[in-house]
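Undergrad:
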Amino acid sequence: MRCELPVLIKCCFCVPLRKGLLIWAYVKMIINICLIIPYCIFLHDHLYRNKNGNYRFDLIMVFALVFGLAIDVIFQIIFIWGAHKKDYPFIRMYYRYSAVILVLMILYLITYVTHFFMVAGMLLMFILPFFIAILSVQFIYIFLQFYLMVLVRSEYKKLKNNSQFQFVNRCTEEPKCIAHLETDNVTEVMENGSDAHVEV
96 MRCELPVLIK
106 CCFCVPLRKG
116 LLIWAYVKMI
126 INICLIIPYC
136 IFLHDHLYRN
146 KNGNYRFDLI
156 MVFALVFGLA
166 IDVIFQIIFI
176 WGAHKKDYPF
186 IRMYYRYSAV
196 ILVLMILYLI
206 TYVTHFFMVA
216 GMLLMFILPF
226 FIAILSVQFI
236 YIFLQFYLMV
246 LVRSEYKKLK
256 NNSQFQFVNR
266 CTEEPKCIAH
276 LETDNVTEVM
286 ENGSDAHVEV
């Protein structure tokens, strides 16, 4: 059974879609840059003070997080450029990136939970509330990432349909306006004259 994602016309049910996505992209890019700086300082200090190989797993996880944040900043710039220029291939690229990030975040969550239960041991009952709080934040972030992916897909669909509007005006022919509107299974071809047909 095939499940289609909904196509939304508003961001957060109140803001126009493209404007809301641009605000979200700028805010997220600034937050990512602000997170990269302290994580890089932490990595530098941790590598300098712990040369005996302790906390190696934590270092790998933090390094992966910094790398992911840097890649995210790059794709935020791509999306901002595409949204300002209304260039749907750039938005489609960001949509695919968002889907990959969603999968990686779920895998990261599974890895984090597994590692926590492996190393917690007898301290599990003492740090369990802290772990539940972190887990709740990660679930909220995954939900927001999914919602963002749906919004980006909606904007991509809208720009793709709008980009296939053509106006033909030749001196030797009657002026003609043609719109190609693509959906998932049907392509509609409409003209301003009496001829109008649907191709399936």
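Each residue of the sequence shown is one higher than the last, beginning at 96 in my numbering. Quick reminder that beta carbons are idealized off the backbone N, C-alpha and C, glycines included.
(1) Distance check for V198 and V161, CA to CA, integer angstroms please.
(2) Can you list, in chain order, the residues of its chain whose CB lies under 7 Å from that of V157, leaving out five sequence neighbours each side?
(3) So, helix, strand or coil for V102, using DSSP?
(4) If I'm right that I128 touches V168 with Cβ under 8 Å, what's the distance once you round it to whole angstroms?
(5) Per the contact definition of three or more C-beta pairs closer than 8 Å, is the region 222-240 in contact with the region 187-206?
(6) Count the CB pairs spanning the region 179-191 and the region 220-229 that are closer than 8 Å, and state whether there are at least three.
(7) What distance in whole Å lies between the Cβ atoms of M124 and Q171, which are believed to be in contact at a cut-off of 8 Å?
(8) Could you check the C-alpha separation between C109 and G115 for me, to the nearest Å?
(9) Only counting the same chain, and skipping five residues up and downstream in sequence, which positions put a Cβ closer than 7 Å to that of V247?
(10) Taking the beta carbon of K252 as the centre, do at least 16 other beta carbons fall within 10 Å, making it buried, or is it exposed?
TA: Reading it off the structure:
(1) 17 Å
(2) Y134, F137, L138
(3) coil
(4) 6 Å
(5) yes
(6) no
(7) 4 Å
(8) 9 Å
(9) L116, I186, Y189, Y190, S193
(10) buried
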